[in-house]
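In the numbering used here, the protein residues as written are 949 to 1920.
Glycine is no exception: its CB is placed at the ideal position from the N, C-alpha and C atoms.
Written out as structure tokens, the structure reads:
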């Protein structure tokens, strides 16, 4: 790390040199020279390892140099990409676009648009444009337009003469240490007057959804015999093919502007047919597959080439993929972002009206779920690292070739892309660390060294002794890369997926093919043909949870029902995999919730022991991955967290406890944008656990915002402790487990032994009346319950009769002395209870508790104590949910309760303290004087602490244990 003083000295020297030669630089210095002589040194002074002095492998370099490729006057790659963290190998923090001094970046609209396209497409908010004379920083979150002013989005412009004065400011934002500590995010968030932030995935989704609608309507209009399935297929494949070829153009795999040239002609689809057929010859992929071939398992497309499409529709699609209309730099849109776009794209389907008109509408299951939610990249990376990553440790490429990875609900292929990228990085690092020249030779080279062409100027003396500058183009051997053949081999050997949606399967294939072709332009000169694999054997369409036996006994099954259910035979679909014991890795984000027919529900109940009681498909997916994985395999999902404590999930917990649980990561709220579901990640190894096996657990603070999973300080929990816990509940904190074990062994009774508990009634609101209409009408409670306080509101009446949808048989739950416990846990993670002897009916959001053999005030003090809230929230995941943290009867009644002799010893003191607390809260609610209110609040706090101390004594907790409880409850 360059010291501050040394860095300033470097900058001073650079500034002096630049100023002395500015005129000549403006006329003659090219971009490569500028980078080598000034920008490399500038960023080295900032602390970046520009020259890779550390000797990091390709995927760990802090600074990646991506030399410009000039195509039609447009630079194709940014000159530098910077990343401060090694955890996210395929994620950069910011880009730098360099321009030669003759380009006036402070006024160049072209240069600004180019940088903003790169940054926006890469989803990098803050990026830099510089010719050293000026250092321009742009906010790239707004969708770029070529007509934008050069100043649009520019948030900093520093002249080279200001570098010394503003060096501290630049360091605080762009040094590696600052970036690691989140400086760019803070800088972006702190900008005032942010203009039109529009994520590239949202914009591109809107674009392809518009294309889908226009194509669907046009194809339905011009092709009267096409059915719904054919229409959906034709629209999807046409969009996929155009997008694929356009991306290949940007990557240098296809001729530049070939689609645009076609769009300028008449008969566009005729020309596209020819291009698609050439692509079939070149790529040999299911994406372009129009004739039956022996080596292909996919059925050829005998539909789309025969269709009619209007020029107007196709011209609109293609023209919006090119400069200047297109803001997309496809080279920089990450594959996972394209996958996320398609994940949401798949949430809608085309249907045909009676008049053969196309309508696009949301799929029923998506509408029920409230939308499509894609998995953040950092979740995918963590899961892949802890499954695929663990199984590659200490292995060779030959050993890794047999590794079988599957996502049984692959969607758009997000997890498979993550696994594939990891394996390509792993292979490249292995080959470069093990004599890469050796692996670059032979008939089937695994790696090659990319060649970059650079302008180079050299100062020499001619024959007469005169000094002359000669310029030329030289080739420079750059980074090592995997050959396209090796990338293809990895894809075919290792990556597998299944999805019930045929369109999702096609998108997964497209995403994987695009990933395979990244950086493939370096091998274009090798005369490669048929370069893409047919993924028909790897990515299958079918229902992962339903096998062919679903139709056993149904002699006259409806063909339409068979197509809808789409049963999948794992043994037939992946014969080779199961001949070798099954899959090594199963990963993903399975569907949550309950979306199935009555027949399917019966099938799931008969096939999956974890399904009963939960009625949630993700439990079936967890069970399925165990059945299709080999011994020693690693399995990881992101799923709802409710299963760790909910009583209905005990069979699932028992199933997982029969295997080695390796990691359990409880995530914060809002992992999925706009989806209110609390989630966790589990990692298991399919092997019986040893008695002393330790599980690595981590619990994020619920309100923490995360963009990466790194530097976790895991706690270690003995898996056996979960097996022996009440209900086999998974408590993630070992200190809490110690307290629970102590209290359980020391207190043989539970709350269920000393009280009865029942929730209130459920009914339609139109049963409420303003007056008592009969002797069976009783006041209805519509107020609030807090700790030691009741806000009474009983102005309306309801009849206690069978008209109520849900009610207890007896009325005693609503009269005489009883405790009311609120169903909702408050934001401070506390149970809220009060006592009353008034007669009124309560609803389902309040529980009535009737003490049995214990004083009501005594029981109230225990329920409202910090200890009981701690014991509850640490065992019950429903109590810490974001949307509705709640109390359940079964979990409350299972809480430990002290033996009678301890209760008797503390009874008088507890009853007195609780009586005082109740009286203080009544006084506080009636008090209006601020000074008196403050006095009463202090007395309440003192009384609360006294009750808590008495409960700790009652349960036999000491100083360190009390501290664990006090620290374990949120004060937010």
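Extent of the continuous alpha helix (DSSP H) to which residue i belongs
| i | result |
| --- | --- |
| residue 1727 | Note, residue 1727: premise wrong, no alpha helix (DSSP H); beta strand (DSSP E) at 1725 to 1728. |
| residue 1538 | Unbroken run through residue 1538: none, as it is neither H nor E. |
| residue 1056 | Careful: residue 1056 lies outside any alpha helix (DSSP H) and carries neither H nor E. |
| residue 1663 | Residue 1663 -> not in any alpha helix (DSSP H); beta strand (DSSP E) instead, spanning 1663 to 1666. |
| residue 1464 | 1450 to 1464 |
| residue 1253 | Run containing residue 1253: none; DSSP gives neither H nor E here. |
| residue 1135 | 1131 to 1137 |
| residue 1181 | 1176 to 1198 |
| residue 1608 | Segment 1608 to 1614 is the beta strand (DSSP E) holding residue 1608; no alpha helix (DSSP H) there. |
| residue 1166 | 1148 to 1170 |
Span separating the alpha-carbon of residue i from that of residue j
| i | j | result |
| --- | --- | --- |
| residue 1059 | residue 1399 | 26 Å |
| residue 1913 | residue 1680 | 15 Å |
| residue 1799 | residue 1286 | 59 Å |
| residue 1720 | residue 1749 | 14 Å |
| residue 1474 | residue 1326 | Because the pLDDT of residue 1474 is 42, which lies under 50, any placement of that residue in the model is unreliable, and the question is left without a value. |
| residue 1864 | residue 1841 | 26 Å |
| residue 1094 | residue 1055 | 14 Å |
| residue 1462 | residue 1834 | 46 Å |
| residue 1847 | residue 1793 | 30 Å |
| residue 1569 | residue 1493 | 7 Å |
| residue 1845 | residue 1604 | 30 Å |
| residue 1259 | residue 1375 | 45 Å |
| residue 1384 | residue 1377 | 10 Å |
| residue 1135 | residue 954 | 26 Å |
| residue 1850 | residue 1915 | 26 Å |
| residue 959 | residue 990 | 7 Å |
| residue 1554 | residue 1641 | 32 Å |
| residue 1484 | residue 1246 | 5 Å |
| residue 937 | residue 1270 | A question about residue 937 goes unanswered here, because the residues of the chain that appear run from 949 up to 1920. |
| residue 1202 | residue 1488 | 28 Å |
Range of the contiguous beta strand (DSSP E) that encloses residue i
| i | result |
| --- | --- |
| residue 1848 | Element bounds for residue 1848: not the beta strand (DSSP E) but the alpha helix (DSSP H), 1848 to 1874. |
| residue 1761 | From DSSP, residue 1761 is part of no beta strand (DSSP E); its letter is neither H nor E. |
| residue 1579 | 1577 to 1588 |
| residue 1649 | No beta strand (DSSP E) holds residue 1649; DSSP gives it neither H nor E. |
| residue 1107 | 1102 to 1107 |
| residue 1799 | 1794 to 1799 |
| residue 1029 | 1028 to 1030 |
Cβ separation of residue i and residue j, assumed to be a contact under 8 Å, to the nearest whole Å
| i | j | result |
| --- | --- | --- |
| residue 1381 | residue 1336 | Actually they do not touch by this definition, with Cβ atoms about 19 Å apart. |
| residue 982 | residue 1049 | 7 Å |
| residue 1898 | residue 1861 | 7 Å |
| residue 1261 | residue 1166 | 5 Å |
| residue 1706 | residue 1796 | 5 Å |
| residue 1790 | residue 1832 | Contact flag wrong, Cβ pair sits at about 18 Å. |
| residue 1045 | residue 1057 | The pair is not a contact, with the Cβ atoms about 14 Å apart (cut-off 8 Å). |
Contacting residues, own chain, Cβ-Cβ under 7 Å from residue i (five flanking each side not counted)
| i | result |
| --- | --- |
| residue 1431 | 1393, 1394, 1395, 1396, 1471 |
| residue 1029 | 1012, 1014, 1040, 1043 |
| residue 1801 | 1702 |
| residue 965 | none |
| residue 1871 | 1884 |
| residue 1263 | 1211, 1216 |
| residue 1188 | 1235, 1454, 1458 |
| residue 1299 | 1176, 1307, 1309 |
| residue 1502 | none |
Sequence-distant residues of its chain with Cβ nearer than 6 Å to residue i (five each side left out)
| i | result |
| --- | --- |
| residue 1557 | 1599 |
| residue 1277 | 1065, 1066, 1069 |
| residue 1370 | 1332, 1336 |
| residue 1444 | 1354, 1486 |
Residues of its chain near residue i, where Cβ-Cβ distance is below 8 Å and the 5 sequence neighbours each way are ignored
| i | result |
| --- | --- |
| residue 968 | none |
Chain B contact for residue i (CB, 9 Å cutoff)
| i | result |
| --- | --- |
| residue 1759 | Here chain B cannot be found, since the structure has a single protein chain. |
Discussion item. In chain order, what are the residue ranges of uninterrupted alpha helix (DSSP H) at least 4 long that sit wholly in the region 961 to 1017?
Written reply: 970 to 976, 979 to 982, 988 to 993
Worksheet item: Mind pulling the alpha helix (DSSP H) runs of 4 or more residues that sit fully within the region 1347 to 1409?
Response: 1362 to 1381, 1384 to 1387
Practice prompt. Would you list, in sequence order, the uninterrupted beta strand (DSSP E) runs of no fewer than 3 residues that lie entirely inside the region 1265 to 1335?
Written response: Complete beta strand (DSSP E) runs here, min 3: 1296 to 1300, 1306 to 1310.
Discussion item. Give the list of continuous alpha helix (DSSP H) stretches no shorter than 4 residues that lie fully inside the region 1495 to 1519.
Written reply: 1507 to 1513
Worksheet item: Along the chain, which unbroken stretches of the beta strand (DSSP E) at least 3 residues long are found entirely within the region 1659 to 1746?
Response: 1663 to 1666, 1703 to 1707, 1725 to 1728, 1732 to 1734, 1737 to 1739
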